[in-house]
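A.B. asks: Let me give you the structure first, and then I'll get to my questions.
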Amino acid sequence: MNERSQCFPSPEQGCLIERAGAKESLLIVAGPGTGKSRTALAIALQKIRSLPSTSLSRVLFLSFSNATIRRLAVSAGMQFSASERKHLKFMTFHSCAADLLSHYGRFVGLPYPTMVADKLQERLLAIEAEHDEEGEGYWGFLMSLAKNKGLLAFSVLLPLASRILSASKTLRRVVSRHYPLIVVDEFQDTSEEQWRFLQVLGAESQVVTFGDPNQIIYSSLHQATERRLGEFEAWKNTAADLSLARNFRCSQKAILEFADCLLHGRPFEINDSDPVKFAAVYRTQLRVRLALLWKQIQDKIGSGQTIGILLPSNKLVEDVATSLRNPPEDSPIRFPVYAQLARDEAAYDAVLLALAGIKDFTSQPSKGLARRAAVALLAMNSSWDSRSRSSREKISEVADRLVCHSEGEGTAIGRLCTSLGSGQPLSYSVPALIEALEELPAFKRAAKRLTAHPAIAVRSLCHVQPSLPLFDQFLANRTPKGLEGDDVFEGKTHVINYHKAKGREFDYLVLVVDPREESTKTPLAEKRRLYYVAATRARKWLGVIFFGAERGPVLGPALVRPHS
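With our numbering, letter number 402 in the sequence shown gets 432, and the count goes up by one each step, no holes.
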């Protein structure tokens with residue numbers, strides 16, 4: 031039995047569980063690893079056991095984070111019986127809003143049934159209609175999709191759901207009966223839209239929130255979140271509870287002390303016997319140092335334990351993951367490290383849809399199919415390169431290149447079309463697609479990012495309709511991505527950026543500090559909170575790698591004392 035099980039519930043946790051049992055709404059402010067999730071699940075279990083056996087009511091768990099929702103659901107699956115799990119609902123704010131609109135959207139003029147258009151489908155529709163995401167009429171375009179076609183883009187979900195609940199007291203009572211208890215995790219990261227939605231959703235329900243202002247990554251949200259804590263106190267007539275202080279995630283005091291030093295800009299007392307280790311390396315040594323460190327950890331850890339490698343930017347994440355999996359021929363360390371990258375399923379789908387669009391054009395060349403393939407390519411480019419923009423001129427330019435270069439082996443585009451006509455699965459043509467993207471203006475960044483990701487597999491089509499173009503078949507068979515859990519990935523070794531580490535934890539953690547990859551516009555307080563969040567993901571051991579004197583304004587103060 032581990033320490034968490036032996037001491038749960040602590041007196042502080044027991045008090046909170048008791049107060050929740052008395053139907054009191056709670057605002058619990060607590061740091062990472064202090065047992066928030068365990069306490070939340072205990073509060074939910076207590077509520078479920080108080081319900082009549084025939085009750086259809088559920089405890090609703092809400093968070094902005096897919097990773098948090100997935101972690102809570104997995105924990106509940108291990109702790110609750112099958113009958114108890116039926117009374118649990120785990121949702122992000124957006125998936126909860128989508129669920130409400132699917133049942134009650136007609137009250138705000140939506141057709142039935144409604145469907146969620148994830149970011150990829152939204153991009154496809156916007157590019158096809160030649161709408162710029164930053165243009166003045168873009169909101170009107172999204173609302174017209176909702177009211178005319180029942181297609182709900184992510185950005186309209188919360189406003190429309192809030193409008194329904196605000197307009198109907200009866201509906202708020204229905205929601206209250208269905209969700210008598212709402213538990214909100216990572217409350218500090220809720221946006222203004224999510225907060226307004228929670229206020230109408232939980233107007234007549236008991237609401238228990240967990241949060242930590244020190245884990246607010248973005249400075250633009252910090253003051254608003256501190257204000258929101260006071261607004262919650264007034265809304266539910268409660269006071270913030272600060273009693274959860276003991277860390278159950280990590281029993282290593284040195285890790286917690288180091289994270290606190292990063293947060294507050296204090297020097298850290300380095301001790302060789304502590305599970306916090308530091309290494310200064312040259313940039314050219316990073317791949318070798320990480321591979322050796324990974325091997326040392328692998329040799330001493332047991333099965334089921336996880337390793338996390340955290341870096342400050344997506345660019346560095348993909349560069350490091352690629353080099354770890356594919357050792358250079360001249361490297362002194364030749365063994366590969368099979369590290370997992372966070373999967374953006376919608377971006378992966380965008381690649382397959384682009385390939386399907388080009389394959390349709392190759393099978394039956396026409397200007398119309400060339401234009402649709404160009405739209406799919408531009409949507410894919412936006413999925414992999416957030417700085418890319420589309421326009422009528424770019425659509426025409428890409429379509430013309432497809433028409434001009436689709437035949438023969440003389441160009442990369444021609445070789446891609448030949449590959450797609452070979453009868454092999456679409457995923458076999460991904461390398462040819464990457465080569466072709468190099469020939470297209472403004473696609474090179476997407477091409478480089480694609481090389482860093484593992485093989486993109488093609489899911490089997492549930493309902494094959496040979497009479498339809500392949501693009502239409504894939505589009506009809508895909509499900510919206512990003513509502514619940516799609517960015518959560520499994521595996522033993524993970525390479526992710528600091529931001530995506532939120533909601534996760536690792537037994538062994540390597541933190542790579544590279545001030546060159548940090549924005550100079552980011553306030554120091556924001557950087558400190560980000561480093562704090564990253565460091566507190568470690569459960570048993572923390573290694574910090576930095577580049578010589580380049581320690582930056584956050585790590586620097588912690589290492590002001592000389593160390594051997």
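Think of the CB as a built atom: it goes at the ideal place given N, C-alpha and C, for glycine as much as any other residue.
These numbers were taken from a predicted model, which means no experiment stands behind them.
What does the alpha-carbon distance come out to for the pair Ala377 and Leu195?
C.D. replies: Spanning the two alpha carbons is a distance of roughly 33 Å.
A.B. asks: Can you list, in chain order, the residues of its chain with a C-beta nearer than 7 Å to that of Ala409? Leave out the 5 residues immediately preceding and following it.
C.D. replies: Closer than 7 Å at Cβ, skipping near neighbours: Leu150, Arg153, Leu154, Ile157, Ala380.
A.B. asks: Bridge partners of Glu580, per DSSP?
C.D. replies: Looking at the DSSP assignment, Glu580 forms a beta bridge with Phe577.
A.B. asks: Excluding the 5 residues flanking Ile47 on each side, which residues of the same chain have their C-beta closer than 7 Å to its C-beta?
C.D. replies: Pro39, Thr69, Ala72, Ile73, Gln76.
A.B. asks: Check this for me: beta carbons of Ala183 and Ala147, under 7 Å apart or not?
C.D. replies: Yes, Cβ-Cβ distance for Ala183 and Ala147 is below 7 Å.
A.B. asks: I'd like to check one pair, Lys522 with Thr314: are the Cβ atoms closer than 7 Å?
C.D. replies: Contact: no.
A.B. asks: Please classify Arg88: does DSSP put it in a helix, a strand, or coil?
C.D. replies: DSSP places Arg88 in coil when its eight states are reduced to three.
A.B. asks: Indicate whether Leu211 and Val89 have their beta-carbon atoms separated by less than 7 Å.
C.D. replies: Taking 7 Å as the Cβ cut-off, Leu211 and Val89 qualify as a contacting pair.
A.B. asks: Take every Cβ of the segment 157-174, pair it with every Cβ of the segment 119-135, and state whether three or more of those distances are shorter than 8 Å.
C.D. replies: No, they do not touch.
A.B. asks: Please state whether the Cβ-Cβ distance between Ile363 and Ala321 is less than 7 Å.
C.D. replies: Result yes, Cβ atoms of Ile363 and Ala321 sit closer than 7 Å.
A.B. asks: According to the neighbour-count rule (16 or more other Cβ atoms, all chains shown, within 10 Å of its Cβ), is Met121 buried or exposed?
C.D. replies: Met121 comes out buried.
A.B. asks: Go through the segment 161-205 residue by residue and report every complete run of the alpha helix (DSSP H) that reaches 4 residues or more, in order.
C.D. replies: Entirely contained in the segment 161-205, the alpha helix (DSSP H) runs reaching 4 residues are, in chain order, 168-179, 184-197.
A.B. asks: Less than 7 Å separating the beta-carbons of Ile464 and Leu446?
C.D. replies: No. Outside cutoff.
A.B. asks: Closest to Ala429 by CA distance: which of Ala404, His117, Gly453 is it?
C.D. replies: Considering only alpha carbons, the answer is Ala404.
A.B. asks: Report the residue ranges of all alpha helix (DSSP H) runs contained in full by the segment 502-571; include only those spanning at least 4 residues, in chain order.
C.D. replies: With a minimum length of 4 residues, the continuous alpha helix (DSSP H) runs that stay inside the segment 502-571 are 554-565.
A.B. asks: Can you tell me the Cα-Cα spacing of Phe123 and Asp242, whole angstroms?
C.D. replies: Near 19 Å, if we compare the C-alpha coordinates of Asp242 and Phe123.
A.B. asks: Keeping to the same chain, check which residues put their C-beta closer than 6 Å to that of Glu223; ignore five residues upstream and five downstream.
C.D. replies: Leu188.
A.B. asks: Using only CA atoms, which one of Lys66, Val318, Leu323 lies nearest to Leu272?
C.D. replies: When each option's Cα is compared against that of Leu272, the closest is Lys66.
A.B. asks: Between the Cα of Arg319 and those of Phe576, Lys330, Leu172, spot the shortest distance and give me the residue it belongs to.
C.D. replies: For Arg319, the nearest C-alpha among the options comes from Phe576.
A.B. asks: Going by C-alpha distance, which of Glu256, Asn267, Ala270, Tyr134 is nearest Ile246?
C.D. replies: Closest by alpha carbon: Glu256.
A.B. asks: Taking all protein chains shown into account, decide if Asn301 is buried (16 or more other Cβ within 10 angstroms of its Cβ) or exposed.
C.D. replies: By the neighbour-count rule (16 or more Cβ atoms within 10 Å), Asn301 is not buried but exposed.
A.B. asks: Enumerate in chain order the residues of its own chain whose CB-to-CB distance from Thr268 is below 8 Å, with the five nearest sequence positions on each side excluded.
C.D. replies: If we look at Thr268 and ignore the five residues flanking it on each side, its Cβ neighbours are Glu54, Ser55, Leu56, Leu57, Phe262.
A.B. asks: Quick one, are the C-beta atoms of Lys390 and Leu467 less than 7 Å apart?
C.D. replies: Reading the sequence as shown, one finds Asp at residue 390 and not Lys. No; because the gap between Cβ atoms is not below 7 Å, this pair is not in contact.
A.B. asks: Please name the residue in Ser420, Ser426, Ala372, Leu86 whose C-alpha comes closest to that of Gly398.
C.D. replies: Nearest of Ser420, Ser426, Ala372, Leu86 to Gly398, Cα basis: Ser426.
A.B. asks: When you compare the CB positions of Gln282 and His524, do they come within less than 7 Å of one another, or not?
C.D. replies: The answer is no: Cβ separation not under 7 Å.
A.B. asks: Quick check: is the beta carbon of Pro243 nearer than 7 Å to any beta carbon in chain C?
C.D. replies: Among the chains in the structure shown there is no chain C, since it carries only a single protein chain.
A.B. asks: Excluding the 5 residues preceding and the 5 following Asp516 in the sequence, name in chain order all residues of the same chain whose CB lies nearer than 7 Å to its CB.
C.D. replies: At Asp516, the pLDDT of 46 sits below 50, so the modelled position is not reliable; the number obtained from the coordinates is stated separately. Correct list, in chain order: Asn96, Glu375.
A.B. asks: Give the straight-line distance between the Cα atoms of Gly512 and Trp414, rounded to the nearest whole angstrom.
C.D. replies: So the two alpha carbons sit approximately 15 Å from each other.
A.B. asks: Where do the N-terminal and C-terminal ends of the beta strand (DSSP E) with Ile212 fall, by residue?
C.D. replies: 211-214 is the extent of the beta strand (DSSP E) around Ile212.
A.B. asks: In the DSSP assignment, what residue or residues form a beta bridge with Lys307?
C.D. replies: Looking at the DSSP assignment, Lys307 forms a beta bridge with Gly573.
A.B. asks: Could you pull the start and end residues of the beta strand (DSSP E) that Thr122 belongs to?
C.D. replies: From DSSP, the beta strand (DSSP E) with Thr122 extends over 118-122.
A.B. asks: For Ser361, does the count of other Cβ atoms within 10 angstroms reach 16, so buried, or fall short, so exposed?
C.D. replies: Under this definition Ser361 is an exposed residue.
A.B. asks: With a threshold of 6 Å on Cβ separation, who are the neighbours of Arg402 within its own chain once the five nearest residues in sequence on each side are excluded?
C.D. replies: Cβ neighbours of Arg402 beyond the five flanking positions: Gly387.
A.B. asks: On the three-state DSSP scale, how would you describe Phe240?
C.D. replies: Phe240 falls in the strand class under three-state DSSP.
A.B. asks: I'd like to know if the segment 351-361 and the segment 551-562 are in contact, where contact means that at least 3 CB-CB pairs between them fall below 8 Å.
C.D. replies: No contact exists between the segment 351-361 and the segment 551-562.
A.B. asks: So, with DSSP's three-state summary, where would you put Ile300?
C.D. replies: The answer is coil: DSSP assigns Ile300 none of H, G, I, E or B.
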